[in-house]
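K.L.:
Residue numbers (the working numbering): 66 to 371. Ideal Cβ placement from N, Cα and C applies to all residues, glycine included. Provided herewith is a single structure, encoded as structure tokens, for subsequent inquiry.
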């Protein structure tokens, strides 16, 4: 498949972002899940195929050809719905999640791109790990955690990931514990997680009862989240296909929106009070895209459309 790569660059004019197409990297396969992570100073893109369980890995470059495929010995298995990175004890990991059975596998990764034996976690009684439509790894004051939400019934949970003194068998020395179980309205989707300083926030859209919110994670994860802004105006909020966060410059949080039918993209800078945002660019990109991967190399922001 041929992807399209764009750059996003702040300009001298306040509130204006420049958007440019810079390349069309070619990949041998379509991927069901794509993520990036920092592998000891090198940014790696991981493409996962749930049918075969195979992964392709690429080093992301600051010039043509923009990507360089590198070998890996990842053994994640088949049928994962999402794959995403987190860091534990200065070591990269991947969390693989399957909604149907609620299984979470936490894979430590080595510098030479090998997956080690994972920690396996799932919960088939309350609070359930099954049928989560949103799963996100994040860090709160040094504490790793996983946020999960079910948009069919509104169940929402937070699990902490902590290190233990030692582990039994081949599993890594990790333990997962539920610290918050709550009930939201159903219908929330298109979450975009971002940080202000060391505080965690997220934008979310409800398509059951139309609404757009920005929420904040409490420093004490057992206290859950609290709403900062509600009924915020987001253009085409009920028709958007993708909403994705990214960071610019010294740490300003942004998010992009995308409509697959016409390729319209907006780039939006979140206000400091989290009560809105400024749209710094409205542009047209490739149509029919199902995944967007924003990343940053050096001082340049990129967005890979696949």
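With 16 as the cutoff for other CB atoms within 10 Å, does residue 25 come out buried or exposed?
P.N.:
Since the first and last residues shown for the chain are 66 and 371, residue 25 lies out of range.
K.L.:
Is it buried or exposed for residue 117, if we count other Cβ within 10 angstroms and need 16 for buried?
P.N.:
Taking the chain shown and counting its residues from 1, the one referred to as residue 117 is at position 52. It counts as exposed.
K.L.:
Within 10 angstroms of the Cβ of residue 345, are there 16 or more other Cβ atoms? Answer buried if so, exposed if not.
P.N.:
In the chain shown, counting from the first residue as 1, residue 345 sits at position 280. Result: buried.
K.L.:
Could you pull out every residue in the same chain whose Cβ sits closer than 7 Å to the Cβ of residue 97, ignoring the five residues on either side in sequence?
P.N.:
Position 32 of the chain shown, counted from the first residue, corresponds to residue 97. The residues are 113, 114 and 115.
K.L.:
What alpha helix (DSSP H) runs, 4 residues minimum, are completely inside the region 105-181?
P.N.:
List check, alpha helix (DSSP H) in window: nothing returned.
K.L.:
Can you name, in chain order, every residue of its own chain whose Cβ lies under 8 Å from the Cβ of residue 286, other than the five neighbours on each side?
P.N.:
Counted from its first residue, the chain shown places residue 286 at position 221. So the list reads 205, 208, 210, 223, 225, 244 and 245, once near-sequence residues are dropped.
K.L.:
In three-state terms, what does DSSP make of residue 286?
P.N.:
Residue numbering aside, residue 286 sits at position 221 when the chain shown is read from its first letter. Three-state DSSP puts residue 286 in a helix.
K.L.:
Residue 101 and residue 358 look like a contact to me (Cβ under 8 Å); what is the Cβ gap, rounded to whole Å?
P.N.:
Numbered from its first residue, the chain shown carries residue 101 at position 36. Numbered from its first residue, the chain shown carries residue 358 at position 293. Yes, they are in contact, since the Cβ atoms of residue 101 and residue 358 sit about 6 Å apart, within 8 Å.
K.L.:
Please report the straight-line C-alpha distance between residue 20 and residue 203, rounded to a whole angstrom.
P.N.:
What is shown of the chain runs 66 to 371, which leaves residue 20 out entirely.
K.L.:
Whole angstroms is fine: what's the gap from residue 321's alpha carbon to residue 361's?
P.N.:
Residue 321 sits at position 256 when you count from the first residue of the chain shown. Residue 361 sits at position 296 when you count from the first residue of the chain shown. Approximately 14 Å, taken between the alpha carbons.
K.L.:
Once you ignore the five residues that flank residue 156 on each side, which residues in its own chain have a CB closer than 8 Å to its CB?
P.N.:
The sequence position of residue 156 within the chain shown is 91, counting from 1. Answer for residue 156: 173 and 174, listed in chain order.
K.L.:
Go through its chain and collect everything with a Cβ distance to residue 372's Cβ below 6 Å, but skip five positions before and after it.
P.N.:
It is not possible to answer for residue 372, since the shown part of the chain is limited to 66 through 371.
K.L.:
Between residue 328 and the rest of its own chain, which residues show a CB-CB distance below 7 Å, the 5 nearest in sequence each way excluded?
P.N.:
Looking up residue 328 in the chain shown gives position 263. So the list reads 349, 350, 351 and 352, once near-sequence residues are dropped.
K.L.:
Within its chain, find whatever has a CB closer than 8 Å to the CB of residue 217; leave out the 5 residues flanking it on each side and keep chain order.
P.N.:
On the chain shown, residue 217 is found 152 positions in, with the first residue counted as 1. Here the set comprises 196, 198 and 251.
K.L.:
Taking buried to mean at least 16 other C-beta atoms within 10 Å of its own C-beta, is residue 234 buried or exposed?
P.N.:
Counted from its first residue, the chain shown places residue 234 at position 169. Classification for residue 234: exposed.
K.L.:
Does DSSP put residue 312 in a helix, a strand or coil?
P.N.:
One-based indexing of the chain shown puts residue 312 at position 247. Residue 312: strand per DSSP, three-state reduction.
K.L.:
On the three-state DSSP scale, how would you describe residue 258?
P.N.:
For the purposes of this step, residue 258 is identified with residue 193 of the chain shown, where counting begins at 1. Residue 258 falls in the strand class under three-state DSSP.
K.L.:
Would residue 171 and residue 238 qualify as a contact pair, given that the criterion is a beta-carbon distance under 8 Å?
P.N.:
Your numbering for residue 171 matches position 106 in the chain shown. Your numbering for residue 238 matches position 173 in the chain shown. No. Outside cutoff.
K.L.:
Taking the beta carbon of residue 180 as the centre, do at least 16 other beta carbons fall within 10 Å, making it buried, or is it exposed?
P.N.:
Stepping through the chain shown from its first residue, residue 180 is reached at position 115. Burial call: buried.
K.L.:
On a CA-only basis, which of 257, 355 and 184 is nearest residue 335? Give me that one, please.
P.N.:
On the chain shown, residue 335 is found 270 positions in, with the first residue counted as 1. Residue 335 has its Cα closest to that of 257, out of 257, 355 and 184.
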